[in-house]
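As structure tokens, the structure follows; a few thoughts come after it.
Numbering (the UniProt record's numbering), first residue to last: 1 to 141.
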């Protein structure tokens, strides 16, 4: 065989033989449009996932800021109310401030580390676009 298909009179052979170049180009254009829409949808899903991770990290950083605010408030209250305690008011306030500082530091480090894992590049979409481009260059391979 020389690589061509025999004209066996089947409906598929007749359909291929009657398909014009314009129809083939139209079909390719439609397929490429569909492929592009699918790639855009995949990119949207990936970006949405990364935005959710960024939102969680930002929430942790917000809580760390609130913990810092509480440290200031509790330090002020501790200075006022610790006078009646056994220890000096300054030491009591320092202990409370240090505890809230530790909480704030832990939340800050955790949030910052999680924020570092956020990747805005939709890797799966990039990979499939590369595959599509490779296929367009060599559709038989």
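We put the CB at the ideal spot given by N, CA and C, even for glycine. Note that the structure is predicted; figures quoted are calculated from it, not measured.
(request) With a 10 Å radius around its C-beta and 16 neighbouring C-beta atoms as the bar for buried, classify residue 60 as buried or exposed. (result) buried
(request) Using 7 Å as the cut-off, classify the Cβ of residue 88 as near or not near the heavy atoms of the ligand COA, replying yes or no. (result) In the structure on display, the ligand COA does not appear, and there are no ligands present to speak of.
(message) To the nearest angstrom, how far is the alpha carbon of residue 107 from that of residue 126?
(response) 34 Å
(message) If you reduce the DSSP assignment to three classes, tell me which class residue 87 lands in.
(response) coil
(message) Taking 7 Å as the limit between beta carbons, can you name the residues of its chain near residue 78, skipping five residues before and five after?
(response) 92, 93 and 96
(request) Would you tell me roughly how many angstroms separate the C-alpha atoms of residue 22 and residue 137, rounded to the nearest one? (result) 21 Å
(request) Determine the DSSP secondary structure at residue 138, reduced to helix, strand or coil. (result) coil
(request) Under 7 Å Cβ to Cβ from residue 101, same chain only, skipping five residues before and after it: list those, please. (result) 71
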